[in-house]
Amino acid sequence: MIRAPFLSSIFAPLFAGTLLGVSIADGFLFINFILVLITGIGLHAAVNVYNDIYDTIQGTDKVNVHRNEASGGSGILQDFPELMGRMYFVARTSLIIALAGTVALTFFIDPRLLPHLWVLYLLSAFFSKYYTAPPVKLSYRGWGELSVWFAFGPMAIMLAAVGQNVGFHPMVITLMPITGLSTLSILLAGQLIDLEADRAGDKHGVASRLGTRATAVIYLLVQLAIVANVLILAIRLPDPGWPLLLGLIPYVLIFPKAAGIIMRHHDNPALLKKGAKLTVLTHVSFSLMLLIGLAIRLL
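Following the numbering used here, the numbering of the sequence shown begins with 132 at its first residue and continues without gaps.
Below, the structure written as structure tokens:
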């Protein structure tokens with residue numbers, strides 16, 4: 132129901148922001164880290180479940196014949212519509228768990244950072260539901276891509292940094308785009324596969340508005356932006372910065388094949404599914420190697 136395999140998209144920024152925060156603050160606040168994890172996982176679970184609920188209600192999932200493990204939602208409500216009430220319960224409970232984590236964290240962080248913490252929670256809770264829910268429906272009105280980048284990049288990184296009592300430090304700001312861009316690449320690959328269903332359901336993402344070729348080019352530019360961001364961060368960090376370059380290994384071993392499929396078969400959903408899987412593999416491998424690089428640097 133919560134699409135647990137995709138929680139890697141929130142683990143990456145929370146761990147990366149924490150590792151960088153520990154490096155900056157020169158100390159590790161363990162309880163704060165656990166509370167940040169509780170908050171972040173709760174918010175991401177709510178996003179996933181609400182997404183399934185409202186894509187089903189609004190008809191997008193119903194007409195999606197290309198659903199796969201990398202895109203198109205879980206399909207649970209298509210197979211078991213009687214679970215709608217339970218899905219609402221899971222989504223609302225996830226938000227309550229995230230709220231409890233935020234309230235608890237309030238008592239453990241620097242009071243000067245409390246406005247940051249609560250703005251982050253309120254914005255995240257808003258995105259969790261209204262990414263797909265009416266009347267806002269961000270992903271249906273062309274704001275989905277920006278929302279995903281912002282939530283899984285700057286917002287998640289900042290939440291983790293705040294948990295370690297670090298605010299808008301220059302290095303935190305430099306790290307902010309990376310994880311959001313990586314998650315955005317999965318969304319773009321999925322949009323290429325789900326294009327028919329999105330258009331039928333009046334869901335206007337980048338692919339629906341610009342077409343498959345332009346979306347494939349944007350996908351490639353987003354991936355190249357990740358590489359550039361890692362290089363900039365490695366250069367700007369105080370020595371040693373080189374361990375962060377480990378994050379680029381998947382861009383040598385996996386990404387070229389994924390990009391080749393996306394660029395060549397951008398208008399063929401059946402062939403794109405392999406490209407989407409490789410994109411997810413690139414994302415997961417990159418996230419892991421980036422965290423290893425940050426950990427090596429810290430040690």
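Yeah, the Cβ is synthetic: ideal placement off N, Cα and C, and Gly gets one too.
Nearest-angstrom beta carbon gap, GLY148 and LEU379 [assumed within contact, 8 Å]: Here residue 379 refers to the residue found at position 248 of the sequence shown. Here residue 148 refers to the residue found at position 17 of the sequence shown. The pair is not a contact, with the Cβ atoms about 20 Å apart (cut-off 8 Å).
Other residues of its chain near GLY232: CB distance less than 7 Å, five sequence neighbours each side excluded: Here residue 232 corresponds to residue number 101 of the sequence shown, with the count starting at 1. Excluding residues within five positions, the ones whose Cβ falls inside 7 Å are LEU166, ILE169, THR170 and GLY173.
Supposed close pair LEU150, LEU425 - CB separation, criterion 8 Å: Counted from its first residue, the sequence shown places residue 150 at position 19. Counted from its first residue, the sequence shown places residue 425 at position 294. Confirmed, about 4 Å.
Beta-carbon contacts of LEU295 that lie in its chain and below 7 Å, excluding the five residues immediately before and after: Counted from its first residue, the sequence shown places residue 295 at position 164. With the sequence shown as reference, residue 295 is identified as Gln, and Leu is not the correct amino acid for it. Result list for GLN295: THR149, GLY152, VAL153, ALA156, LEU160 and ASN163, in chain order.
Helix, strand or coil at MET420 [DSSP, three-state]: Along the sequence shown, one-based indexing puts residue 420 at 289. Correct three-state label for MET420: helix.
Pairwise C-alpha distance: PHE417 and VAL267: For the purposes of this step, residue 267 is taken as the residue at position 136 of the sequence shown. For the purposes of this step, residue 417 is taken as the residue at position 286 of the sequence shown. Roughly 33 Å between the two C-alpha positions.
Nearest-angstrom Cα separation, counted from VAL180 out to THR187: Counting from 1 along the sequence shown, the entry for residue 187 is found at position 56. Counting from 1 along the sequence shown, the entry for residue 180 is found at position 49. Spanning the two alpha carbons is a distance of roughly 11 Å.
C-alpha distance - SER339 paired with LEU319, whole-angstrom precision: In the sequence shown, residue 339 corresponds to position 208, counting from 1. In the sequence shown, residue 319 corresponds to position 188, counting from 1. If you draw a straight line from the Cα of SER339 to the Cα of LEU319, it is about 11 Å long.
Collapsed DSSP secondary structure at THR191 in the structure displayed: What you label residue 191 is simply residue 60 of the sequence shown in a count that begins at 1. THR191: coil per DSSP, three-state reduction.
Segment contact, 8 Å Cβ cut-off, at least three pairs: the stretch 208-219 with the stretch 242-255: With the cut-off at 8 Å, the stretch 208-219 and the stretch 242-255 do not touch.
Straight-line gap, THR314 to ILE141 (C-alpha atoms, nearest Å): The sequence position of residue 314 within the sequence shown is 183, counting from 1. The sequence position of residue 141 within the sequence shown is 10, counting from 1. Going from the Cα of THR314 to the Cα of ILE141 covers about 9 Å.
Endpoints, the alpha helix (DSSP H) within which TRP373 is located: The residue you call residue 373 lines up with position 242 of the sequence shown. Here TRP373 belongs to no alpha helix (DSSP H), and DSSP marks it neither H nor E.
Three-state secondary structure (DSSP) of GLN295: Position 164 of the sequence shown holds residue 295. Note: GLN295 maps to coil in three-state DSSP.
MET132: first and last residue of the uninterrupted alpha helix (DSSP H) it sits in: As a first step, residue 132 is located in the sequence shown; it is residue number 1 there, counting from the start. No alpha helix (DSSP H) holds MET132; DSSP gives it neither H nor E.
Beta-carbon proximity list for TRP373, same chain, < 8 Å, skipping 5 on both sides: One-based indexing of the sequence shown puts residue 373 at position 242. Within the same chain, and ignoring the five residues on either side of TRP373 in sequence, the residues whose Cβ sits closer than 8 Å to its Cβ are ALA365.
Close-in-space but distant-in-sequence residues of the same chain around TYR382 (CB under 8 Å, 5 per side omitted): By 1-based counting over the sequence shown, the position of residue 382 is 251. A distance below 8 Å between beta-carbons, with the five flanking residues on each side excluded, links TYR382 to the following residues of its chain, in chain order: GLN354, ILE357, VAL358, THR413 and PHE417.
Pair within 7 Å by beta-carbon distance, LEU290 and SER278: Locating residue 290 in the sequence shown gives position 159, counting from the first residue. Locating residue 278 in the sequence shown gives position 147, counting from the first residue. Not closer than 7 Å, so no.
Three-state secondary structure (DSSP) of ASP325: The count along the sequence shown starts at 1 and reaches residue 325 at position 194. Residue state for ASP325 is assigned as coil, using DSSP reduced to three classes.
Per-residue DSSP class, three states only, for ARG243: Numbered from 1 along the sequence shown, position 112 holds the residue referred to as residue 243. DSSP places ARG243 in the helix class (H, G or I) of the three-state scheme.
Any alpha helix (DSSP H) of 4 or more consecutive residues that is wholly inside the stretch 338-418: Qualifying alpha helix (DSSP H) stretches, in chain order: 343-367, 380-384 and 386-395.
Helix, strand or coil at THR224 [DSSP, three-state]: For the purposes of this step, residue 224 is taken as residue 93 along the sequence shown, with counting starting at 1. Correct three-state label for THR224: helix.
7 Å Cβ cutoff met for LEU251 and MET286: Start at 1 with the first residue of the sequence shown, and residue 251 comes out as number 120. Start at 1 with the first residue of the sequence shown, and residue 286 comes out as number 155. Taking 7 Å as the cut-off, the beta carbon of LEU251 is found closer than this to the beta carbon of MET286.
Span of the alpha helix (DSSP H), counted from its first residue to its last, around GLY275: As a first step, residue 275 is located in the sequence shown; it is residue number 144 there, counting from the start. 275-281 is the span of the alpha helix (DSSP H), which, as asked, contains GLY275.
Residues of its chain near LEU403, where Cβ-Cβ distance is below 6 Å and the 5 sequence neighbours each way are ignored: Taking the first residue of the sequence shown as 1, we reach residue 403 at position 272. Here LEU403 has LEU323, ILE324 and HIS396 as same chain residues with Cβ atoms under 6 Å from its own Cβ, once five neighbours each way along the sequence are excluded.
Nearest residue (CA-CA) to GLY223, options LEU422, ILE363, VAL178 and PHE211: The residue you call residue 223 lines up with position 92 of the sequence shown. Looking at the sequence shown, residue 223 is not Gly but Arg. Comparing Cα-Cα distances from ARG223 to each of LEU422, ILE363, VAL178 and PHE211, the minimum goes to VAL178.
Neighbourhood of ALA235 by C-beta distance below 7 Å, restricted to the same chain and skipping five residues each side: The residue you call residue 235 lines up with position 104 of the sequence shown. Contacts found: LEU166.
Inter-residue Cα distance where the pair is TYR219 and ASP183: Walking along the sequence shown from the start, residue 219 turns up at place 88. Walking along the sequence shown from the start, residue 183 turns up at place 52. Near 10 Å, if we compare the C-alpha coordinates of ASP183 and TYR219.
VAL221 and MET132 closer than 7 Å at C-beta: By one-based count along the sequence shown, residue 221 stands at place 90. By one-based count along the sequence shown, residue 132 stands at place 1. Result yes, Cβ atoms of VAL221 and MET132 sit closer than 7 Å.
Cα-Cα separation between LEU351 and ALA345, rounded to whole angstroms: Here residue 351 refers to the residue found at position 220 of the sequence shown. Here residue 345 refers to the residue found at position 214 of the sequence shown. Going by the C-alpha atoms only, they are around 10 Å apart.
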